[in-house]
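The next block holds one structure in the form of structure tokens; read it before the comments.
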Amino acid sequence: MDEIDAVFVDLQEVGCRVYTYYIWSLYLLMKVCEKKKKVVILDRPNPIGSQIEGPLLESSYRSFVGMDMLPMRYGLTMGELANLFKNSQF
């Protein structure tokens, strides 16, 4: 990582917790790059829309495919998630 100035993220997100390995990879990448490297997210619309529904992830079920309490369908794009991660205490 010492030789890298910026990391580009170009992943399609569908906004559903069972499809979350992308977002938690983004979260961990942002933690590694925090204040030292630039993270550029190539965002695109969420193909299933922005509707939010379903239960929150219970803390006893946290894992790499669910590292925090998002609802089953959170309806955010990768860019919106990055802003959420950046502006919260995830």
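Convert by adding 8 to the 1-based position in the sequence shown; the result is the number in my numbering.
For every residue, glycine included, the Cβ atom is placed at its ideal position computed from N, Cα and C.
According to DSSP, Pro79 shares a beta bridge with Leu64. Boundaries of the beta strand (DSSP E) harbouring Phe16: Ala14 to Val17, taken from the DSSP string. In the three-state scheme derived from DSSP, where H, G and I count as helix and E and B as strand, Lys46 is classed as strand.
Looking at the DSSP output, Gly23 shares a beta bridge with no other residue. In summary, Met38 is buried, with 16 or more beta-carbon neighbours lying within 10 Å of its beta-carbon over all protein chains present.
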